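According to the working numbering, the residues represented by the sequence shown are 1099 to 1668, in order. The beta carbon of each residue, even a glycine, is placed where N, CA and C say it ideally should be. Keep in mind that this is a model prediction, so the values were computed, not measured.
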Amino acid sequence: MRSLCSTLLALGVLWACAEGPPPKAPEARAPERAPATADKVISVVGTNDLHGHVEHLDAFAGYVARLRELRRADGGVLLVDAGDMFQGTLESNLGEGAAVIAAFNALGYSAAALGNHEFDFGPTGSAEPGAGADPQGALRARLTEARFPVLAANLIDTRTGRIPEWQNLHASVLLEVAGVKLGLVGVLTDETPRIVMPAYFNGLDVGPLAVAITREAADLRARGARAVVVLAHAGGVCQRFDDPRSETACEADQELNRVARELPTGSVDAIIGGHSHAGVAHFFSGIAVAEAYAYGRAFSRIDLRVPGDAKRSVTGQLFPPRQVCTDREAPVCVPGTYEGVATRKDPRIAASVAGWREAAATQRAERLGVQVKRAVRQDYAAESPLGNLYADLLLAAAPGSDVAIVNGGGLRAPLPAGDLTYGQLYESQPFDNLVTRLELTGAELGRVIALHLERERHGIISIAGARVGARCYGGRLVVSLKRESGKPIGDAERVTIVTSDYLATGGDELFAGPGRPAPRAETATQTVRDALAGELRRRGGSLDGEDSKLLDPKQPRLSLPAPRPIRCPN
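Laid out in structure tokens, this is it:
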């Protein structure tokens, strides 16, 4: 795959931009224009968490075109993305994100924020971390191809304490849309250091989001910005959109809510969020905030009315997340009517990614020889059939291992009913993490699992080869481990664990974290996904997502006194 990637990267278009983080945000001009009027309406259109799903961007382009036509009389359109553009599909991953950049260039994006998954590809091509390879080489290559600024105000180079000096990476940018100066600031979630492959985040850190936003917003206002828009790869979660002024439909403890509360009044006018894969169209602490799920299925819109009189305040109008396809389950996306006009797909957007889609088609269509009778579902927070299946397959693919552990955050999509293809497996497990073995004592493994169960962060683990029993005793969580035979695993017993290099080196803070160095590990050259594919091919036959062998509610593999995070009363 890497060699094919190297060949296909020639499809990218290079944009030469000034290197380094300037002391002041760079000025740029957006393509939108409108006649001078007393007030201007700027429609901020946002996407987030595309994860490489370029297949519906031609349909999305029809909605953008309709808004641009509508705003031509009274303002303009600002098209932005809130991060996690990459990682999740063959089309995107073959070129380490190049397909997404090509599509965004064709769509005319004004700016994008970095998300945590932008770091997933590590060094360019077949290079591995170390031996002089740039651990962020693939990302930096994509930045040079983007014809729009990429923003990350709170990303820190640990050597300098400042934003990394990468070409086309900025803390903020000053744009002019329809004669109105707009300031844009980008930030990424404070979880990033804990959920990116440690080797790929080497030399980097993340600072407080609100501090970075406040600093950049003040600078942009001083330079004439009439409105400030934040692109935040940090999310909220809301269930209803009937009353944008009421936060009762939203979870109050989400990262985006907290950030909004910490910002000075009047510093920011709008936030396009991401990361949580949820919907938001609400005012948080007086700021218009929007987020539109994930995978290119929907988009956000905030209309900012900018008065001609600079003494009057900018106001915002929120719109609920808008689905791109009229029927999201249909095999072909049919775009809908928007602002009274039927939208149409833009063939230029499809053409911009055609080469990548063709390159992925053969691999995507390969049948693995397995019939899925009923869909195998995943769950981020609770034990799931998919997680247990992948743990079973990984254990079978690693002879000599006692236990297999996979992480809930790596389960990205269910396996649908029908003939299972490599493409479906890929979208379910898109990460190029490598098969890794490590050895712990039974007591050490028990402590690892106990810490995991006491934390709310990160998806729940799935396990094969052992059963976990957790209970509260004397105010603390006690974990016992048994083999599938029912034999207890002794505290001093050595246990060989097969997992991913992501988890083994500190990802999700499972096997390593603050004050807990990563254990010695042996990493293979095979990806976890290809190990799963090989075992599926070997087994053949059928799978049933409702099979009790994958998940038996009466005899779960993780027997817990309560859902995570488990709190034991004193």
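Apart from sequence neighbours up to five positions away, the residues of its chain that approach residue 1532 with a beta-carbon distance below 8 Å are 1598, 1599, 1621, 1622, 1623, 1624, 1625 and 1626, ordered along the chain. Following the DSSP letters along the chain, one finds residue 1365 in no beta strand (DSSP E), marked with neither H nor E. The C-alpha of residue 1573 lies about 21 Å from the C-alpha of residue 1555.
Non-local C-beta neighbours of residue 1358 in its own chain, meaning closer than 6 Å and more than five positions away in sequence, comprise 1382, 1383 and 1385, ordered along the chain.
Counting only runs of 4 or more residues that sit fully inside the region 1269-1332, the alpha helix (DSSP H) segments are 1290-1293 and 1307-1320, in chain order. The beta-carbon separation of residue 1215 and residue 1184, rounded to 6 Å, stays under the 8 Å limit for a contact.
The beta carbon of residue 1494 lies closer than 6 Å to those of 1633 in the same chain, with the five residues before and after it left out. Residue 1493 carries a helical assignment under DSSP once its states are collapsed to helix, strand and coil.
By the neighbour-count criterion, in which 16 or more other beta carbons inside 10 Å mark a residue as buried, residue 1236 falls on the buried side. According to DSSP, residue 1417 shares a beta bridge with 1399. Taken atom to atom, the span from the alpha-carbon of residue 1475 to that of residue 1507 is near 14 Å. A distance below 8 Å between beta-carbons, with the five flanking residues on each side excluded, links residue 1257 to the following residues of its chain, in chain order: 1301.
Contiguous beta strand (DSSP E) elements confined to the region 1426-1482 occur at 1465-1472, taking only those with 3 or more residues. Assignment of beta-bridge partners to residue 1642 by DSSP yields 1472. Residue 1314 is classed as buried because its beta carbon has at least 16 other beta carbons within 10 Å across all chains shown. In the structure shown, the three-state DSSP call for residue 1218 is coil. The residues 1607, in chain order, have a CB closer than 6 Å to that of residue 1292 in the same chain once the five nearest residues on each side in sequence are set aside. For residue 1657, the secondary structure class from DSSP, reduced to helix, strand or coil, is strand. Setting aside the 5 residues that flank it on each side, residue 1536 is surrounded in the same chain by 1595, 1602, 1617 and 1619, each with a C-beta closer than 6 Å to its C-beta; the list follows chain order.
When 1327, 1433, 1351 and 1326 are compared, the shortest CA-CA separation from residue 1336 is found for 1351.
Non-local C-beta neighbours of residue 1668 in its own chain, meaning closer than 7 Å and more than five positions away in sequence, comprise 1573, ordered along the chain. Residue 1407 counts as exposed, since fewer than 16 other C-beta atoms from the protein chains shown sit within 10 angstroms of its C-beta. 1377 is the residue among 1339, 1377 and 1645 whose C-alpha sits nearest the C-alpha of residue 1332.
For residue 1564, the enclosing beta strand (DSSP E) covers residues 1564-1571. In terms of Cβ geometry, residue 1211 and residue 1239 do not form a close pair [threshold 8 Å]. Going by DSSP, residue 1385 is part of the beta strand (DSSP E) stretching over 1385-1390. Cβ-Cβ distances below 7 Å link residue 1188 to 1458, 1461, 1462, 1521 and 1524 in the same chain, with the five nearest sequence neighbours on each side left out; the list follows chain order. When DSSP reads this structure, residue 1260 sits in a beta bridge with 1255. When 1199, 1442, 1446 and 1435 are compared, the shortest CA-CA separation from residue 1242 is found for 1199. Within the same chain, Cβ atoms closer than 7 Å to the Cβ of residue 1308 are found at 1357, 1360 and 1361, the five residues on either side in sequence being excluded. Note that the C-beta distance between residue 1593 and residue 1549 is not below 8 Å. In this structure, residue 1638 sits away from residue 1473, with a CB-CB distance that is not shorter than 8 Å. Contact between residue 1285 and residue 1251 holds, with the beta-carbon distance rounding to 5 Å and staying under 8 Å. Contact annotation: residue 1486 and residue 1641 have beta-carbon atoms that are not nearer than 8 Å.
Taking a cut-off of 8 Å on C-beta distances, the region 1408-1416 does not touch the region 1434-1446, as fewer than three cross pairs fall below it.
Within the DSSP bridge table, the entry for residue 1141 names 1175 and 1401 as partners.
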